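A quick write-up on the structure given underneath.
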Amino acid sequence: MKLKKVVLFISCMFFSLLVKADTDALILTSKSVIGIASETFLVDTGITVENGDVWVWGFRNSGQQGNGISHDGEYKTPARVAFFANKGLSITQLAAGIYHIIALDEKGNVWGWGQNGYHEVSGNGNGGAYPSLPILVLENENVVMIRTGEYTSYALTKSGDVYTWGHGIYGQMANGEKKAVNDLYKIPREYFNNRPVVLIGGGYESGYAINDAGEVFGWGDDEDSAFGFDHADHIYQTRPIQITNLPSGVSGKDIVYIAGGDRFTVFLTSSGDVYGMGEGSYLGMGLPYGQRVTIPRRIIGNIKMISCRYVGCVAIDKDKGLWTWGATKGSAFPQIYGNTATRRTYNGNLAKFDMGKEHVIYWNDEGQAYGVGYGAGSKFSPVSNANVHWPGKELDFVVNAMKGVYGPDYIPGQGQ
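Going letter by letter, the sequence shown gives residues 12 to 427 in this note's numbering.
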């Protein structure tokens with residue numbers, strides 16, 4: 012049995028403070044804190060970080076398994092990415108687009124694998140269309156945070172530089188162009204008012220950054236006032252644009268998480284308040300479809316952790332209550348969300364959760380995993396693609412695969 016790796020984890024609520032303090036890239040925490048193991052736009056694939064390893068199941072026909080086989084069947088047993096285990100590398104963060112995956116190791120290096128048609132995996136043409144073994148994208152840059160869009164990747168270094176690579180037809184690269192295929196690009200610091208960046212966020216077709224002065228920036232598809240500018244059209248911001256319409260009493264220095272979906276922006280403050288702007292029906296306020304919110308409104312308070320993807324958000328409050336909200340009209344899977352912030356019933360005591368495009372996988376302290384939402388790719392069952400409502404379907408086939416590697420007494424889901 013492999014010994015448990017020492018990879019500690021901290022809630023993203025404190026991450027910006029760590030970067031500001033110029034700390035090391037390790038993520039520190041205790042099991043009493045619920046962790047977001049992965050925040051992805053994966054649509055058919057299940058993924059998590061467990062024991063410092065990357066585990067993948069469900070659809071793997073674009074190289075997602077990371078095992079050297081480009082087209083690996085979705086019905087195969089869940090498996091860890093042996094590449095990292097063989098190198099003795101612990102993974103501390105995961106992010107993914109629709110079909111590509113990037114990972115941050117304990118040394119601050121970034122790796123990518125999966126679909127690479129826009130260079131969203133490798134930051135260049137290396138590895139071809141479907142690199143099936145992890146490719147080193149950023150080395151010796153001391154990366155502390157990674158994020159993704161649908162087909163785009165982002166990385167933040169300890170020194171405060173932001174890198175982008177991948178699809179950029181909507182300005183997601185922040186390189187001044189609307190071009191589909193883009194190699195690795197470092198955004199000039201002048202676009203962040205010549206200040207180092209301390210926090211980044213990913214949107215469906217957009218990116219975000221906050222500098223050490225608390226100034227907030229967004230780039231990419233600013234649809235339906237997602238950045239707070241009053242318009243209903245697609246406005247493609249090809250360079251970072253400063254977002255200045257924060258609510259009274261809220262500074263960018265207070266923001267500890269920022270992300271965007273399709274047509275909205277959401278951020279969490281250190282006091283536990285969540286604010287949103289953009290397409291109103293995605294914001295959990297009971298607003299009708301088509302009503303735009305141009306000044307961020309408070310959605311909910313007392314929140315410890317949050318993850319927002321595509322058309323909705325999942326949040327954990329300070330009492331371990333689990334809340335969801337997002338699109339119900341126009342979403343194929345409204346059972347995940349709620350037109351208003353809705354508290355969900357779940358099984359056991361929460362330990363961590365993984366967020367996909369329109370699915371959620373959560374883990375409890377008894378080592379059980381459950382899936383909710385879009386079931387395609389057999390990620391909730393090796394024999395079914397059925398969609399699942401709360402409180403979820405138990406993923407015992409994933410847990411059993413982990414125990415097969417780590418031993419029968421191993422309890423999955425208890426941190427990284």
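We treat Cβ as the ideally placed atom computed from N, Cα and C, and that holds for glycine.
Since this is a predicted model, take the numbers as computed values, not measurements.
Beta carbon of residue i nearer than 8 Å to that of residue j
| i | j | result |
| --- | --- | --- |
| D284 | R309 | yes |
| I146 | V155 | no |
| G312 | T335 | no |
| Y321 | Y215 | yes |
| G225 | S262 | yes |
| K197 | D172 | yes |
| K404 | S392 | yes |
| R158 | G123 | no |
| Y9 | G177 | Any question about residue 9 goes unanswered here, given that the chain covers just 12 to 427. |
| K331 | N358 | no |
Pairwise C-alpha distance: residue j and residue i
| i | j | result |
| --- | --- | --- |
| V192 | Y174 | 15 Å |
| V67 | M413 | 11 Å |
| Y300 | V410 | 40 Å |
| N127 | T163 | 10 Å |
| A166 | N120 | 10 Å |
| T40 | T351 | Reliability fails at T40, whose pLDDT of 27 lies under 50, so the model's placement of it is uncertain and the value that follows must be treated cautiously. Distance between the alpha carbons of T40 and T351 is about 31 Å. |
| L115 | D55 | 22 Å |
| P423 | D376 | 8 Å |
| D291 | G382 | According to the sequence provided, residue 291 is Gly. The question's Asp does not apply to it. Cα to Cα, G291 sits roughly 27 Å from G382. |
| T168 | I211 | 10 Å |
| N204 | H242 | 25 Å |
| I372 | I113 | 19 Å |
| N135 | H111 | 14 Å |
| V65 | G99 | 12 Å |
| T339 | E161 | 21 Å |
| K190 | R354 | 41 Å |
| L9 | F278 | The question about residue 9 has no answer here: the residues shown for the chain are numbered 12 through 427. |
| L37 | S259 | In this predicted model, L37 has a pLDDT of only 26, less than 50, meaning its place in the structure is not dependable; the value taken from the coordinates is given anyway. Approximately 34 Å, taken between the alpha carbons. |
| M316 | A326 | 6 Å |
| I306 | T280 | 16 Å |
| P419 | Q379 | 14 Å |
| G139 | D194 | 13 Å |
| I21 | I314 | Note that I21 has pLDDT 34, beneath the 50 cutoff, so the model's placement of it is unreliable and the number below is only indicative. Rounded to whole angstroms, I21 to I314 spans 15 Å at the Cα level. |
| A362 | F52 | 21 Å |
| Q302 | D83 | 44 Å |
| I252 | T276 | 14 Å |
| K42 | W401 | For K42, the predicted structure reports a pLDDT of 33, less than 50, and the residue's modelled location is therefore unreliable. The matter cannot be settled from this model. |
| R91 | V304 | 42 Å |
| Q346 | D273 | 18 Å |
| T103 | V60 | 8 Å |
| I269 | R200 | 19 Å |
| E150 | F95 | 15 Å |
| Y202 | R71 | 38 Å |
| N398 | G125 | 24 Å |
| I254 | G179 | 20 Å |
| Q425 | R206 | 37 Å |
| G415 | A93 | 14 Å |
| G337 | Y286 | 13 Å |
| D33 | S395 | The predicted position of D33 is uncertain, since its pLDDT is 39 and thus under 50; a value taken from the coordinates is nonetheless stated next. Approximately 47 Å between the Cα atoms of the pair. |
| V148 | N137 | 10 Å |
| K264 | T356 | 33 Å |
| A333 | Y421 | For the sequence presented, residue 333 should be read as Leu rather than Ala. For L333 and Y421, the distance between alpha carbons rounds to 26 Å. |
Integer Cβ distance of residue i from residue j, believed to fall under 8 Å
| i | j | result |
| --- | --- | --- |
| I266 | V227 | 7 Å |
| E369 | G386 | About 10 Å separates the two Cβ atoms, so there is no contact after all. |
| G271 | A220 | Their Cβ separation, rounded to whole angstroms, is 12 Å, which puts G271 and A220 out of contact at 8 Å. |
| G239 | N222 | Their Cβ separation, rounded to whole angstroms, is 18 Å, which puts G239 and N222 out of contact at 8 Å. |
| E2 | S101 | No statement about residue 2 is possible, as the shown extent of the chain runs from 12 to 427 and does not include it. |
| S81 | S143 | 5 Å |
| I47 | M288 | Incorrect: roughly 22 Å between the Cβ atoms, too far for contact. |
| Y417 | N97 | The pair is not a contact, with the Cβ atoms about 16 Å apart (cut-off 8 Å). |
| E50 | S318 | 5 Å |
| F364 | P89 | Not really, about 17 Å apart at Cβ, beyond 8 Å. |
| N69 | G57 | It should be noted that the sequence gives Gly, not Asn, for residue 69. Indeed, because the Cβ distance is near 5 Å, the residues count as touching under 8 Å. |
As an exercise, report each continuous alpha helix (DSSP H) stretch of at least 4 residues that is fully enclosed by the region 280 to 337, in chain order. Those alpha helix (DSSP H) runs which fall completely within the region 280 to 337 and span 4+ residues do not exist here.
contact_flag[the region 223 to 233, the region 181 to 188] where n(CB pairs < 8 Å) is 3 or more:
Between the region 223 to 233 and the region 181 to 188, the count of C-beta pairs closer than 8 Å reaches three or more; the two stretches touch.
Exercise. Could you give the uninterrupted runs of the alpha helix (DSSP H) lying entirely in the region 59 to 129, keeping only those of 4 residues or more?
Worked result: Considered as a whole, the region 59 to 129 harbours 93 to 98 as its complete alpha helix (DSSP H) runs of no fewer than 4 residues, in chain order.
(message) Closer than 8 Å is the cut-off here; do at least three beta carbon pairs connect the region 290 to 300 with the region 244 to 260?
(response) No, because fewer than three Cβ pairs between the region 290 to 300 and the region 244 to 260 fall closer than 8 Å, the two stretches do not touch.
* Cβ contact check for the region 102 to 117 and the region 72 to 83: 3 or more pairs under 8 Å -> The region 102 to 117, when compared against the region 72 to 83, does touch it at the 8 Å Cβ threshold.
* Where are the alpha helix (DSSP H) runs, 4 residues long or more, that stay fully inside the region 346 to 409, in chain order? -> If only complete runs of 4 or more residues are kept, the region 346 to 409 shows no alpha helix (DSSP H) anywhere.
>> Ignoring anything shorter than 3 residues, give me the beta strand (DSSP E) runs that lie fully in the region 133 to 181, in order along the chain.
In response: Residue ranges of uninterrupted beta strand (DSSP E) with 3 or more members, entirely inside the region 133 to 181 and ordered along the chain, are 146 to 149, 154 to 159, 163 to 168 and 173 to 177.
Taking only runs of the beta strand (DSSP E) that begin and end inside the region 217 to 266, which ones reach a length of at least 3 residues, in chain order?
-> Fully contained in the region 217 to 266 are the following beta strand (DSSP E) runs of length 3 or more, in chain order: 217 to 222, 227 to 232 and 247 to 254.
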